[in-house]
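Residue numbers (my numbering): 489 to 774.
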């Protein structure tokens with residue numbers, strides 16, 4: 489075992505050695521990974537193979553797996569009407585001598601890149617109308633399906649208690665935080681997980697049942713640095729965001745921006761505070 493990977497709670501794959509893990513995946517899947525294409529994130533690594541597919545590898549501690557299991561990308565293969573990469577095969581193994589699992593999934597290679605390098609964008613990506621149509625079609629199709637999975641945004645299982653705690657920590661004046669609608673959600677709707685100009689929704693490890701509007705609110709929150717883009721998200725996903733659950737989810741994400749860990753340099757801070765004030769007033773009067 490690589491010594492630097494021994495602590496389950498302190499692994500960042502952007503800086504940790506991953507060559508041994510990549511070698512293992514290549515042997516198991518009988519592929520060669522183009523190391524020049526490898527993308528490293530905090531808890532996942534991905535790269536293009538010699539058979540023109542993409543392999544995504546993720547590490548997650550036992551405390552972040554929960555009841556829904558360890559096969560989100562594979563489980564999403566049964567969804568219909570959603571623009572997403574086709575899933576081909578996968579494997580999973582336990583990290584030696586530590587409470588963590590690794591999983592690798594081989595999926596179709598998507599030629600169009602992610603819209604953002606990170607979760608949020610600071611410039612308007614100028615997406616075509618066809619992109620917004622595909623977004624709406626996919627999110628509407630996803631919401632109309634069924635799953636026993638429970639979504640894990642930010643790897644935290646979304647429950648009524650989590651919604652209540654997150655909102656009331658920052659907005660204690662909101663007495664009733666009851667979510668009245670639950671639907672399937674992608675649960676990691678950032679600009680790094682949608683491609684453009686052709687729309688695909690990628691990275692499905694956290695999907696499952698969630699309050700209605702979770703995905704729309706997440707994309708809106710990650711658009712706040714570009715007011716025109718945030719307005720477009722709100723217009724396109726108006727039915728979700730104007731529902732009671734959608735208002736709560738919007739406030740849920742506002743709480744993450746303006747709460748105890750707020751950063752004054754965050755370009756979303758001022759618009760999130762403004763939106764939160766409006767939402768608090770709406771929820772108190774409803």
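Just so you know, even glycine gets a beta-carbon here, dropped at the ideal spot from N, CA and C.
For residue i, the nearest candidate out of the options (CA to CA)
i, options, result
"residue 511", "500, 526, 601", "526"
"residue 541", "690, 598, 503", "598"
"residue 708", "738, 727, 689", "738"
"residue 609", "644, 706, 500", "706"
"residue 572", "687, 720, 644, 726", "687"
"residue 662", "518, 765, 535, 509", "765"
"residue 684", "620, 539, 741", "620"
"residue 672", "518, 575, 560", "560"
"residue 530", "522, 607, 521", "607"
"residue 681", "641, 713, 716", "641"
"residue 499", "515, 729, 547, 579", "547"
"residue 528", "761, 502, 517, 731", "502"
"residue 741", "748, 760, 754", "760"
"residue 514", "567, 577, 745, 660", "577"
For residue i, the first and last residue of its enclosing alpha helix (DSSP H)
i, result
"residue 699", "Residue 699 -> not in any alpha helix (DSSP H); beta strand (DSSP E) instead, spanning 696-699."
"residue 772", "757-773"
"residue 689", "Run containing residue 689: none; DSSP gives neither H nor E here."
"residue 666", "It is not in any alpha helix (DSSP H) - residue 666 carries neither H nor E in the DSSP assignment."
"residue 510", "507-517"
"residue 715", "715-724"
"residue 732", "732-746"
"residue 703", "702-709"
"residue 560", "560-563"
Delimiting residues of the beta strand (DSSP E) encompassing residue i
i, result
"residue 679", "Where residue 679 is concerned, there is no enclosing beta strand (DSSP E), given that its DSSP letter is neither H nor E."
"residue 592", "588-596"
"residue 532", "532-536"
"residue 579", "575-582"
"residue 548", "541-549"
Residue burial classification, residue i (beta-carbon count within 10 angstroms, cutoff 16)
i, result
"residue 594", "buried"
"residue 585", "exposed"
"residue 538", "exposed"
"residue 733", "buried"
"residue 711", "buried"
"residue 524", "exposed"
"residue 626", "buried"
"residue 653", "exposed"
"residue 634", "exposed"
"residue 543", "buried"
"residue 648", "exposed"
"residue 676", "buried"
"residue 632", "exposed"
"residue 674", "buried"
Contacts around residue i, its chain only, beta-carbon distance under 6 Å, and the 5 residues preceding and following it disregarded
i, result
"residue 506", "533"
"residue 569", "629"
"residue 779", "It is not possible to answer for residue 779, since the shown part of the chain is limited to 489 through 774."
"residue 596", "573, 574"
"residue 581", "590"
"residue 553", "none"
Cβ neighbours of residue i in the same chain (closer than 8 Å, five flanking residues each side left out)
i, result
"residue 736", "651, 655, 665, 667, 699, 701, 771"
"residue 644", "650"
"residue 613", "603, 604, 679, 684, 717"
"residue 535", "510, 521, 522, 523, 525, 526, 527, 542, 543"
"residue 550", "496, 587, 588, 589"
Same chain, Cβ closer than 7 Å to residue i, five either side skipped, listed in chain order
i, result
"residue 490", "Note on residue 490: pLDDT 39, under 50, position unreliable in the model; the coordinate value appears next. 505, 508, listed in sequence order."
"residue 618", "none"
"residue 563", "637"
"residue 722", "708, 729"
"residue 693", "546, 560, 561"
Min CB distance residue i to chain B below 8 Å
i, result
"residue 548", "Absent here is chain B; the protein component of the structure consists of one chain."
Quick one: complete beta strand (DSSP E) runs, 3+ long, within the segment 607-651? none
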